[in-house]
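J.: If you're matching them up, the sequences are chains V and E in order.
Quick note: the first sequence uses the numbering used here, first residue 725, plus one each step.
Quick note: the second sequence uses the numbering used here, first residue 16, plus one each step.
Note that CB positions come from ideal geometry on N, CA and C, so glycine has one too.
Structure in structure tokens, see below.
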Amino acid sequence: MKLSLTINGDPYRENVESTQTLLGVLRDDIGLTGTKWGCLTGDCGSCTVLVDGRTVVSCLQLAAQVDGSTIITVEGLAGRGRTMSDLQDAFVRHGAAQCGFCTPGMLVAAEQLIRDGIEADEKAIREGLSGNLCRCTGYNKIIDAVVEIAATRG
Amino acid sequence: MAVTQATSDAHSVVGKRIPKLDAPDKVTGATVYADDMRIPGLLTAAIKRSPHAHARIVSIDVSKAEALPGVHAVIHAGNVTQRSFGYGHDNEPLKSRKVRCIGDEVAAVAAVDAEIAQQALDLIDVDYDLLPEVDDPHAAMLPGAPVIHEELDIEGNVSMRWDFETGDLAAAERDSAVIVEGTYSSPQAAPAPIETHVVIADFDPTGHLTVISPVHMVFMYRKELADCLGLDWQRITIKQPPVGGSFGGKIDIDTHDFITVLLAKAAQRPVKLALTREEEFIGARTRQPIHFKLRTGADADGNITFRDAEVVSDNGAYNAWGSHAMLVAMNTVTSLYQVPASRVRSAVVYTNKNYGGSVRGFGNPQATFAVEQQTEELADALGIDPIAFRLQNANTADSTTTQGLEITTCGLTECLEAVRDRSGWVERRGTQREKFRGLGAATYIHVGGGARIYGSDGCGAMIKIDDSGQVALISGSSELGQGSETVLAMIVAEEIGVPVDVVTVTNSDTDVKPWDVGVHASRTTFVAGNAARLAARGAKAKLLEAAAETLGIAAAELDIEDGMILRNGDRDTAVPYAKAIRRRLLREQSSIIMSSAFYDPPTEKQDEGFIGNISAAYGFGAHVAEVEVDPETGMIRVVGLWAAHDVGRAINPMSCEGQIEGGAVMGIGLALTEELPVQDGRFLAPNLHDYGMPTAADPPRIDVTLVETIDPEGPYGAKGIGEGGIILPPAAIANAVADAIGIRPREYPMRPWKVVDWIQRNETSTVVDQRTGEASA
């Protein structure tokens with residue numbers, strides 16, 4: 725079946741199988757490999773993307789169900805090109821990325837929390853990001869980066 | 016964060032909070048991990064695994080799988096050339112006669128896509144003859160237990176024994192006022208990196224093999240690959256892609272690496288194997304459960320008199336290198352604090368379970384859980400504050416332990432004081448029982464200056480400075496995400512006197528990089544750092560010679576600071592270094608500014624009696640945990656965790672904190688939730704939903720103190736810190752639980768239902784007071 729998607733501001737028309745996940749379409753068909761997979765069961769959050777302003781674990785999302793949607797992946801967080809958003813820059817400065825494998829999903833989830841107006845409060849942000857596993861950092865530095873940007877954008 | 020600075024010497028790069036060099040790519044999704052690579056003609060691999068914990072393989076029929084269109088290779092022990100591998104050569108990539116745990120590999124396929132590969136697996140018929148299985152190591156040692164490795168000349172399924180004794184144990188026992196005894200157990204746990212194993216192998220038409228693998232002992236991997244599969248190791252290139260976490264899980268060669276190469280050979284096409292999350296749990300290496308029966312004594316003045324440990328390490332179906340976790344566990348029993356007499360009698364036992372590997376901390380969290388609980392049990396029995404008791408018995412600088420560990424620098428006292436003061440220990444410990452709150456402490460000793468397990472513990476480094484002034488470091492060591500690349504670049508920049516952003520690091524290709532043992536044992540900053548520093552020294556001398564020639568000034572008068580060549584320290588006439596060397600580099604008959612070095616720490620392998628100084632420096636640390644226990648549900652919440660670590664020198668304090676915070680949260684997971692429960696050899700929860708990895712909402716903010724002791728052998732005084740964070744939470748949290756509710760945890764993870772059970776059984780310490788002859792339990 726044919727899908728029309730707007731991904732990171734660009735239009736895509738993709739022929740997909742009805743069983744394909746959004747993760748598969750992004751990574752295998754379109755080549756946006758910034759979005760990662762860690763479990764394919766929706767537990768780790770590495771594949772988190774934004775679909776019409778909602779966070780979605782793309783490994784559990786059938787692509788056919790998001791026809792016509794506007795999608796943002798980690799590659800589109802800063803608008804266009806190889807630049808960094810304030811949040812991405814904060815992740816770099818705070819040392820919030822170690823192996824970097826959870827980072828794309830973590831950034832996308834954090835971006836949406838901030839857009840939804842989460843307070844610059846450690847506890848709230850810890851709860852808000854509890855769907856994204858990180859094995860390297862112990863979360864301190866991720867939380868610091870998100871709290872900082874929630875405060876400055878707030 | 017607080018830094019206890021031992022010295023105030025100024026550095027321009029070392030000691031700065033410099034963001035990781037690879038972070039901009041990682042936050043923009045640009046980093047290309049193995050599964051992100053797009054390779055023409057790539058086939059997908061899948062492994063047929065045993066559903067049985069112990070069975071004889073009667074027959075394997077692959078004819079239907081081979082006939083499936085799109086299948087390019089089907090392999091099994093009967094149609095490949097392979098030898099056994101692993102410590103003691105007790106494992107085969109593809110099992111030929113028997114399977115010894117669920118997940119054991121019996122066949123594999125390479126096909127054009129994952130769907131066809133899966134269909135092909137389903138078409139492989141394996142006929143098994145089931146054997147009795149044993150998943151408990153104590154049962155495995157009993158007469159009549161199922162024999163797991165008939166081909167080995169061993170008894171009771173015991174693959175190795177690690178025995179050590181020093182001092183007069185009987186006299187030490189007589190001199191003890193108080194003796195504590197108890198048993199302490201740990202679970203099978205998993206490193207569980209978020210990225211699973213992904214391996215790509217490709218033979219070119221001439222037979223040269225390239226393997227893309229996240230392994231971090233790259234050169235030994237190449238050797239073992241060649242030895243096991245009968246390949247020419249001079250014709251193998253190993254490339255390490257960016258690694259999405261390892262924690263020891265990806266350290267060395269494993270069945271899936273061999274299988275991917277065998278498939279590429281059979282298919283004559285590039286092949287990729289990506290383990291699923293379930294396979295990552297059942298088919299990749301785990302942290303071995305270790306069971307301790309421990310006794311510790313102290314005299315009436317509060318001096319530790321002896322430790323006596325009987326240890327059973329349940330390493331599962333094969334040794335891998337996990338059998339050697341006992342080496343580290345033994346160090347803790349004999350050498351944490353000053354212990355005049357000690358004995359360790361231990362057995363590494365085969366069971367029909369997924370087998371242990373070299374997971375972060377390597378035996379030390381398990382040992383420290385036993386040793387440090389008894390430290391607090393003893394102190395309490397003597398009526399001495401547990402931290403005061405530890406300070407009294409603490410290891411000191413310039414001392415040698417009974418196992419021959421030569422401690423040069425030691426910040427254990429400073430670490431203990433830091434966590435005591437920052438947690439409010441003195442005022443608060445033992446005062447919150449009515450709120451079911453408590454504080455507990457723990458400390459560790461761990462290698463921090465390499466670990467001589469193999470003949471060499473060395474690492475090579477090369478530096479090239481080109482006409483642009485770019486400084487290229489080519490290091491034998493690899494980056495796993497921990498930030499070692501950045502630390503090495505900082506060391507080179509500091510040593511040469513250039514800004515860190517002109518330094519590049521190449522460390523991922525065996526065609527290019529010099530030899531290194533690999534990333535393990537918290538050794539990279541220390542060993543690879545020293546190699547990089549030595550190479551940088553050589554490069555700097557050559558750079559100054561080149562500048563001297565161009566400028567017509569004697570090299571002895573020149574130095575370089577922040578990228579400027581200074582004559583006798585004069586900043587007014589300073590010349591940018593790249594400008595000063597360019598003319599010389601590009602002229603005829605020029606030479607390249609290049610320098611190489613190999614650093615092997617001044618250490619020794621332990622002898623047959625397990626005595627020897629295996630590391631050039633030792634790391635120390637102390638944690639205090641605060642918990643709140645719900646006595647109804649048994650839920651334990653960690654509400655505070657204070658961590659102080661002797662890092663020698665914090666080359667990059669932000670990276671040190673990252674290692675400690677990440678390790679501590681992994682340790683909290685171990686303490687409270689993480690385990691791979693097994694029933695009759697079957698994993699009950701091989702997925703991230705049930706495994707119990709901490710989320711952001713679970714742990715408290717980790718409070719980190721970096722203690723600097725400036726080690727004389729470490730680069731700029733640094734010692735290793737990669738594993739320290741994970742060692743202590745199980746012990747510190749158990750001690751905090753004891754403070755909160757008066758119950759002594761005997762095992763972790765401390766799951767709620769176990770805590771409820773302990774409360775009902777009123778589990779406390781077994782203490783013998785030899786002064787009164789009274790025993791209490």
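Using a Cβ cut-off of 7 angstroms, pull out every chain V residue sitting near D51/E, in sequence order please.
T.: Neighbours of D51/E on chain V, chain order: T757.
J.: In this structure, how does DSSP classify V654/E when only helix, strand and coil are distinguished?
T.: Of the three classes helix, strand and coil, the one that applies to V654/E here is strand, per DSSP.
J.: What residues of chain E sit near M808/V, judged by a beta carbon separation below 9 angstroms?
T.: In chain order: P39, V42, T43.
J.: Quick one, are the C-beta atoms of I742/E and P380/E less than 7 angstroms apart?
T.: Taking 7 angstroms as the Cβ cut-off, I742/E and P380/E qualify as a contacting pair.
J.: Could you round the C-beta distance between G805/E and L309/E to whole angstroms and report it? I think they count as a contact, below 8 angstroms.
T.: Because chain E here runs from 16 to 792, residue 805/E falls outside it and cannot be looked at.
J.: Tell me whether L431/E, by its Cβ, gets closer than 6 angstroms to a heavy atom of the ligand COA.
T.: Of the ligands one can find in the structure shown there are none, so the ligand COA has no counterpart to examine.
J.: When the Cα of H67/E is compared with those of Y102/E, L57/E, Q133/E, D142/E, which residue comes out closest?
T.: Selected option, being the one with the closest Cα: D142/E.
J.: I need the DSSP call for N732/V, collapsed to helix, strand or coil.
T.: Of the three classes helix, strand and coil, the one that applies to N732/V here is coil, per DSSP.
J.: Buried or exposed for Y469/E, please, with buried defined as at least 16 other CB atoms from any protein chain shown within 10 angstroms of its CB.
T.: Its Cβ having fewer than 16 others within 10 Å, Y469/E is exposed.
J.: Flag Q822/V as yes if its beta-carbon sits less than 7 angstroms from any beta-carbon of chain E, otherwise no.
T.: Taking Cβ atoms only, chain E reaches closer than 7 angstroms to Q822/V, which makes this a yes.
J.: Look up T22/E in the DSSP assignment and say whether it is helix, strand or coil.
T.: In this prediction, T22/E scores a pLDDT of 49, lower than 50, which makes its location untrustworthy; the coordinate-derived value is nonetheless stated afterwards. If DSSP states are grouped into helix, strand and coil, T22/E belongs with coil.
J.: Looking at C-alpha atoms only, which residue of I268/E, L244/E, S261/E is the closest neighbour of Y236/E?
T.: For Y236/E, the nearest C-alpha among the options comes from I268/E.
J.: Measure from the C-beta of L853/V to each C-beta in chain E and report whether the shortest distance is under 7 angstroms.
T.: L853/V counts as touching chain E.
J.: List the endpoints of the continuous beta strand (DSSP E) containing G475/E.
T.: Where G475/E is concerned, the enclosing beta strand (DSSP E) stretches over 474-480.
J.: Tell me the start and end of each unbroken alpha helix (DSSP H) in the stretch 224-279 of chain E that is at least 4 residues and wholly inside, in chain order.
T.: Counting whole runs of 4 or more residues, the stretch 224-279 of chain E contains the alpha helix (DSSP H) stretches 233-244.
J.: Measuring CA to CA, which of T730/V, P735/V, C783/V is closest to R751/V?
T.: Of the candidates T730/V, P735/V, C783/V, the one whose C-alpha sits nearest the C-alpha of R751/V is C783/V.
J.: Who are the near neighbours of D868/V in its chain, counting only those whose CB is closer than 6 angstroms to its CB and skipping five residues on each side?
T.: The answer, listed in chain order, is H818.
J.: For the alpha helix (DSSP H) that contains H461/E, what are its first and last residues?
T.: Taken as a continuous stretch (DSSP letters only), H461/E belongs to no alpha helix (DSSP H), being part of the beta strand (DSSP E) at 452-462.
J.: List in chain order: all unbroken alpha helix (DSSP H) runs of 4+ residues lying wholly within the stretch 107-174 of chain E.
T.: Entirely contained in the stretch 107-174 of chain E, the alpha helix (DSSP H) runs reaching 4 residues are, in chain order, 129-137, 152-155.
J.: Here's a check: name, in chain order, each residue in its chain whose Cβ is nearer than 7 angstroms to the Cβ of T794/V, leaving out the five neighbours to either side.
T.: Taken in chain order, the residues that qualify are T730, D776.
J.: Between the beta-carbon of S261/E and the beta-carbon of P208/E, is there less than 7 angstroms?
T.: Yes, Cβ-Cβ distance for S261/E and P208/E is below 7 angstroms.
J.: Would you call the stretch 762-782 of chain E in contact with the stretch 567-579 of chain E, where contact means no fewer than 3 C-beta pairs closer than 8 angstroms?
T.: No, they do not touch.
J.: Which residues in chain V have a C-beta closer than 8 angstroms to the C-beta of L522/E? List them in chain order.
T.: Note on identity: in this sequence residue 522/E is Asn, with Leu being the wrong assignment. The contacting residues do not exist; N522/E stays about 15 angstroms from chain V at best.
J.: Just to confirm, is the Cβ distance from T291/E to Q389/E under 7 angstroms?
T.: Not in contact: T291/E and Q389/E (Cβ atoms no closer than 7 angstroms).
J.: Go ahead and pull the three-state DSSP assignment for K63/E.
T.: It is a strand residue.
J.: By a C-beta neighbour count over all protein chains shown, 10 Å radius and 16 as the cutoff for buried, is T22/E buried or exposed?
T.: Confidence in T22/E is poor, its pLDDT being 49 and thus under 50, which makes the residue's placement too unreliable to answer from.
J.: Helix, strand or coil for I422/E, going by three-state DSSP, please let me know.
T.: In this structure, I422/E counts as strand in the three-state DSSP scheme.
J.: Let me make sure I understand the geometry here. Which of I402/E, Q418/E, S65/E has the alpha-carbon closest to that of E180/E?
T.: Looking at the Cα atoms, Q418/E is the closest of the given residues.
J.: Consider the Cβ of M708/E: report whether some Cβ of chain V lies at a distance smaller than 7 angstroms.
T.: Yes, because at least one Cβ of chain V sits closer than 7 angstroms to the Cβ of M708/E.
J.: Since Q812/V and T43/E are thought to touch, with beta carbons under 8 angstroms apart, how far apart are those beta carbons, to the nearest angstrom?
T.: With 8 angstroms as the limit, Q812/V and T43/E qualify as a contact, their Cβ atoms being about 6 angstroms apart.
J.: State whether the stretch 680-695 of chain E contacts the stretch 613-625 of chain E, with contact taken as three or more CB pairs (one from each stretch) at a distance under 8 angstroms.
T.: Flag = no, the stretch 680-695 of chain E and the stretch 613-625 of chain E do not touch.
J.: Would M725/V be called buried (16 or more neighbouring beta carbons within 10 Å of its own) or exposed?
T.: That one is exposed.
J.: Quick check: is the beta carbon of N864/V nearer than 7 angstroms to any beta carbon in chain E?
T.: Answer yes: the Cβ-Cβ gap between N864/V and chain E drops below 7 angstroms somewhere.
J.: Could you say if the stretch 425-443 of chain E and the stretch 698-716 of chain E meet the contact criterion of at least three C-beta pairs nearer than 8 angstroms?
T.: No, the stretch 425-443 of chain E does not touch the stretch 698-716 of chain E.
J.: Compare the C-beta of P55/E against all C-beta atoms of chain V and say whether one is closer than 7 angstroms.
T.: Judged by the 7 angstroms Cβ criterion, P55/E is not in contact with chain V.
J.: If you measure between the beta carbons of V674/E and G732/E, is that distance less than 7 angstroms?
T.: Inspection of the sequence shows that residue 674/E is occupied by Gln rather than by Val. Against a cut-off of 7 angstroms, the Cβ pair of G732/E and Q674/E comes out as no contact.
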